[in-house]
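*Asks:* Chains as they are written, first to last, in my numbering: chain A, 1 to 340; chain B, 1 to 340.
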């Protein structure tokens, strides 16, 4: 008797404490890094509308699917996609095993730091680089390569790990959506196996909620041990018109919110907006040369051109990085350091 | 002051009530349809081991991935896979638009109810049937076809909808695993778009946690409306050695528990068991001709032969339907009737 009375008073104290501390927490701004303005207001209005039970725009939690592009939408893609930089570093690392690379483009260009020569080989050259550096090993070995590269390689201008060059306002938005019953997915042209080692830790997005491009994988028994081996063959390119396809094959539901930053995201956003009921499509516009980068119509990465022209007619939100975001990167770098 | 004192005593009462009522709930058997025995004990021991914080077999929640085959593991597959029956019905429905089917196998066989003739066309014939009936429409239209067929078509022997011919012990196991922090996935040779319309309602498994075979899909703008169109071309066969590949591409983590019922599940289970730490692989053995069906080594569907021979050596659990399951199907048919 005595013990349970004690337990009860402990519980009551805990209750009172939780009442005291939860009130300010509930009132706290869920999007502190977003400036007041049209973009922020549109997001808050949309979330309020689709979560209002009995409201005309109500969407049940299982259908609150939000898809985010990765490069340029959740983390920095300028002046070069992080995965391409990883591929370049792998070429340098593997060069001694491939003497023929010294005289063959695009490998020669990478080894000599001649990015114009690499660029001249076009999409075909990029694919060749990706396949040469992303296949021929087990799935486990590739994951380790990526993790170790991400844990040690720093971006030059900001002297930060790439996983620290994620956008603080987007981290808040992802958390805000999840707190409102959304399921958040990444839908990126990047390689799914390149993203998965970091998405859970950095964005709170589990590997199975990452949709991306992939190479063919093969089940093999090596020395009596079943392994998945990555083959030098493209399986799927999850970009442009591939994005809605990837969403269909992987998620099986049409998103109600999609966020991109370039013309490569247009089909994903068109597909999202064409569903029934209230929908939202957004693009990050990189307008901030000082805090990040400024590029759009004529950029070599993340070109935002047609989408910019068509945004107003289609009701797409253009998020202006300079105006809409109070901060760009997480302030406390340690917060995002790898845990191992 | 007065009001918050009242609120507090209401909360205390609520707390006491929850303490009283939660005790029996916690003590309730989570697997009431499983008989006591080795299979049940192995499951309970495994779950206890991987969820024991600080224990040597502890697995963090994000890595508690459980994969289940569908046909013959979660619902009836005998005497014929449900999806094949759907394809046969679609052939009959579409026959007037395809006069050539009257004289061409395997279509002729389906139209004349000559299953031997259909069977004689082998895997190639089955693929032809699947492609002819599963493509050429939008993703939305196909989902509606499937939903309407599942809501109205009854299996003859049991006079139940197919969604009512799911295994009650497995529904309990799925819920038990989820209650213990597992993420549950379906990994089936069946078509992902055929399963998704029912998995959330019937198994509590959301569409994005269903991995299966697929046809190629294409993003098209039809009459100004963006649509996904299903093409008459196989995209991926998620069967046998394709299962670990599907798991890698879709989930991106190796399961710690995998449950199948046939030799087609062996690679998934081998891949699962080969991971580090404690693992579990199980097969349903269909031994119950009275309550369901009895078949294994020489069956035309769900052949369980090699896996049966190799189970003991590999530490795989063979779940004997007759001995291990108290009931096979949910008792209250209404429970599983479609909600619309």
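Backbone N, C-alpha and C define an ideal beta-carbon position, used for all residues, glycine too. These figures come from a predicted structure and were not determined experimentally.
Short of 8 angstroms Cβ to Cβ, which residues in the stretch 191-220 of chain B face chain A?
*Replies:* Under the 8 angstroms Cβ criterion, the stretch 191-220 of chain B contributes 192, 193, 196, 200, 206, 207, 208, 209, 210, 214, 217, 218, 219.
*Asks:* Relative to chain A, which residues along the stretch 237-255 of chain B have a C-beta separation below 7 angstroms, given in chain order?
*Replies:* The residues in question are 241, 244, 245, 248, 249, 250, 251, 252, 253.
*Asks:* Residues of the stretch 267-285 of chain A in Cβ contact with chain B at a cutoff of 7 angstroms, in chain order, please.
*Replies:* Answer in chain order: 267, 270, 271, 274.
*Asks:* Considering only residues of the stretch 176-219 of chain B, which uninterrupted alpha helix (DSSP H) runs meet the minimum length of 4 residues and lie entirely inside it, listed in chain order?
*Replies:* Counting whole runs of 4 or more residues, the stretch 176-219 of chain B contains the alpha helix (DSSP H) stretches 192-203.
*Asks:* Check whether the Cβ atoms of residue 268 of chain A and residue 73 of chain A sit closer than 8 angstroms, and answer yes or no.
*Replies:* Within the first chain, residue 268 of chain A is the residue found at index 268, counting from 1. Within the first chain, residue 73 of chain A is the residue found at index 73, counting from 1. No.
*Asks:* Quick one: does residue 175 of chain B have its CB under 8 angstroms from some CB of chain A?
*Replies:* Here residue 175 of chain B is taken as the residue at index 175 of the second chain, counted from 1. No - not a single Cβ of chain A is within 8 angstroms of the one on residue 175 of chain B.
*Asks:* Can you tell me whether DSSP reads residue 331 of chain B as helix, strand or coil?
*Replies:* Locating residue 331 of chain B in the second chain gives position 331, where the first residue counts as 1. Residue 331 of chain B falls in the coil class under three-state DSSP.
*Asks:* Residue 161 of chain B to residue 329 of chain B, Cα distance in whole Å?
*Replies:* Numbered from 1 along the second chain, position 161 holds the residue referred to as residue 161 of chain B. Numbered from 1 along the second chain, position 329 holds the residue referred to as residue 329 of chain B. Straight-line Cα distance between these residues: approximately 12 angstroms.
*Asks:* Select from A/211, A/168, A/298, A/138 the residue whose C-alpha is nearest the C-alpha of residue 35 of chain A.
*Replies:* Walking along the first chain from the start, residue 35 of chain A turns up at place 35. For residue 35 of chain A, the nearest C-alpha among the options comes from A/168.
*Asks:* I'd like to check one pair, residue 47 of chain A with residue 57 of chain A: are the Cβ atoms closer than 8 angstroms?
*Replies:* Here residue 57 of chain A refers to the residue found at position 57 when the first chain is read from its first residue. Here residue 47 of chain A refers to the residue found at position 47 when the first chain is read from its first residue. For residue 57 of chain A and residue 47 of chain A, no; Cβs fall outside 8 angstroms.
*Asks:* Could you say if the stretch 77-96 of chain A and the stretch 124-139 of chain A meet the contact criterion of at least three C-beta pairs nearer than 8 angstroms?
*Replies:* Judged by Cβ distances under 8 angstroms, the stretch 77-96 of chain A makes contact with the stretch 124-139 of chain A, as three or more pairs qualify.
*Asks:* If you count every other CB in all the chains shown that lies within 10 Å of the CB of residue 300 of chain B, and 16 or more means buried, which is it?
*Replies:* To locate residue 300 of chain B, count along the second chain from 1; it is residue 300. When all chains shown are included, residue 300 of chain B counts as exposed.
*Asks:* Checking 8 angstroms against the spacing of the C-beta atoms, do residue 111 of chain A and residue 95 of chain A come in under that value?
*Replies:* The residue labelled residue 111 of chain A in the question sits at position 111 within the first chain. The residue labelled residue 95 of chain A in the question sits at position 95 within the first chain. Yes, they are a contact pair.
*Asks:* By the 10 Å Cβ neighbour count, where 16 or more other Cβ atoms means buried, how is residue 314 of chain A classified, buried or exposed?
*Replies:* Translated into the one-based positions of the first chain, residue 314 of chain A becomes position 314. Its Cβ having fewer than 16 others within 10 Å, residue 314 of chain A is exposed.
*Asks:* On the three-pair Cβ rule with 8 angstroms, is the stretch 231-246 of chain B touching the stretch 273-292 of chain A?
*Replies:* No, the stretch 231-246 of chain B is not in contact with the stretch 273-292 of chain A.
*Asks:* Decide if residue 23 of chain B is buried, meaning its Cβ has at least 16 other Cβ atoms within 10 Å, or exposed.
*Replies:* Stepping through the second chain from its first residue, residue 23 of chain B is reached at position 23. Note that residue 23 of chain B scores 49 on pLDDT, short of 50, meaning its location in the model is unreliable and no value can be drawn from it.
*Asks:* Return the residue from the list A/263, A/180, A/155 that minimises the CA-CA distance to residue 298 of chain A.
*Replies:* Taking the first chain and counting its residues from 1, the one referred to as residue 298 of chain A is at position 298. That would be A/263, whose Cα lies nearest to the Cα of residue 298 of chain A.
*Asks:* Kindly indicate which three-state DSSP category residue 324 of chain B falls into: helix, strand or coil?
*Replies:* The count along the second chain starts at 1 and reaches residue 324 of chain B at position 324. In this structure, residue 324 of chain B counts as helix in the three-state DSSP scheme.
*Asks:* With H, G and I counted as helix, E and B as strand and the rest as coil, what does DSSP make of residue 267 of chain B?
*Replies:* Numbered from its first residue, the second chain carries residue 267 of chain B at position 267. Helix.
*Asks:* Pick out the complete alpha helix (DSSP H) segments inside the stretch 55-116 of chain A, 4 residues or longer, and give them in chain order.
*Replies:* Runs found: 82-94, 107-111.
*Asks:* Indicate the three-state DSSP secondary structure (helix, strand or coil) for residue 293 of chain A in the structure shown.
*Replies:* Residue mapping note: residue 293 of chain A aligns to position 293 of the first chain, counting from 1. Coil at residue 293 of chain A, not helix or strand.
*Asks:* Using the Cβ count rule (16 or more neighbours within 10 Å means buried), how would you classify residue 212 of chain B?
*Replies:* Residue 212 of chain B sits at position 212 when you count from the first residue of the second chain. The residue in question, residue 212 of chain B, is buried, as its Cβ has 16 or more Cβ neighbours within 10 Å.
*Asks:* Check whether the Cβ of residue 169 of chain B lies closer than 8 angstroms to any Cβ atom in chain A.
*Replies:* Here residue 169 of chain B corresponds to residue number 169 of the second chain, with the count starting at 1. Not one chain A Cβ lies under 8 angstroms of residue 169 of chain B.
*Asks:* Are the C-beta atoms of residue 228 of chain B and some chain A residue less than 8 angstroms apart?
*Replies:* For the purposes of this step, residue 228 of chain B is taken as the residue at position 228 of the second chain. Closer than 8 angstroms: yes.
*Asks:* Considering Cα atoms alone, identify which of B/201, B/137, B/228, B/248 is closest to residue 216 of chain A.
*Replies:* On the first chain, residue 216 of chain A is found 216 positions in, with the first residue counted as 1. For the residues B/201, B/137, B/228, B/248, the minimum Cα distance to residue 216 of chain A belongs to B/248.
*Asks:* Please name the residue or residues paired with residue 227 of chain B in a DSSP beta bridge.
*Replies:* The count along the second chain starts at 1 and reaches residue 227 of chain B at position 227. DSSP, once it has assigned bridges, lists B/220 as partnering residue 227 of chain B.
*Asks:* What does residue 161 of chain A pair with, by DSSP beta-bridge criteria?
*Replies:* What you label residue 161 of chain A is simply residue 161 of the first chain in a count that begins at 1. Its beta-bridge partners are A/154.
*Asks:* State buried or exposed for residue 187 of chain A, treating a residue as buried only when at least 16 other CB atoms are found within 10 Å of its CB.
*Replies:* As a working note, residue 187 of chain A is residue 187 in the first chain. Residue 187 of chain A comes out buried.
*Asks:* Along chain A, which residues have their Cβ under 8 angstroms away from the Cβ of residue 189 of chain B?
*Replies:* Position 189 of the second chain holds residue 189 of chain B. Correct list: empty, because the minimum Cβ distance to chain A is about 14 angstroms.
*Asks:* Could you tell me the distance, in whole angstroms, from the CA atom of residue 141 of chain A to the CA atom of residue 120 of chain A?
*Replies:* Locating residue 141 of chain A in the first chain gives position 141, counting from the first residue. Locating residue 120 of chain A in the first chain gives position 120, counting from the first residue. Computed Cα separation, rounded: 31 angstroms.
*Asks:* The alpha helix (DSSP H) spanning residue 260 of chain A covers which residue range?
*Replies:* Position 260 of the first chain, counted from the first residue, corresponds to residue 260 of chain A. Element bounds for residue 260 of chain A: not the alpha helix (DSSP H) but the beta strand (DSSP E), 257-260.
*Asks:* Quick one: list the residues of chain B neighbouring residue 87 of chain A, beta-carbon separation under 9 angstroms, in chain order.
*Replies:* Position 87 of the first chain holds residue 87 of chain A. Simply none; closest approach about 20 angstroms.
*Asks:* Quick one: list the residues of chain B neighbouring residue 315 of chain A, beta-carbon separation under 9 angstroms, in chain order.
*Replies:* Position 315 of the first chain, counted from the start, is the residue given in the question as residue 315 of chain A. By Cβ distance, chain B contributes nothing, its closest Cβ being about 14 angstroms from residue 315 of chain A, past 9 angstroms.
*Asks:* Under 8 angstroms between beta-carbons, which chain B residues line up against residue 62 of chain A? List them in chain order, please.
*Replies:* Working through the first chain from its first residue, we reach residue 62 of chain A at position 62. Under the 8 angstroms cutoff, chain B gives 200, 206.
*Asks:* In the structure shown, what three-state DSSP assignment does residue 299 of chain A receive?
*Replies:* Residue numbering aside, residue 299 of chain A sits at position 299 when the first chain is read from its first letter. Residue 299 of chain A: coil per DSSP, three-state reduction.
*Asks:* So what does residue 282 of chain B bridge to, in DSSP terms?
*Replies:* Taking the first residue of the second chain as 1, we reach residue 282 of chain B at position 282. According to DSSP, residue 282 of chain B bridges with B/259, B/317.
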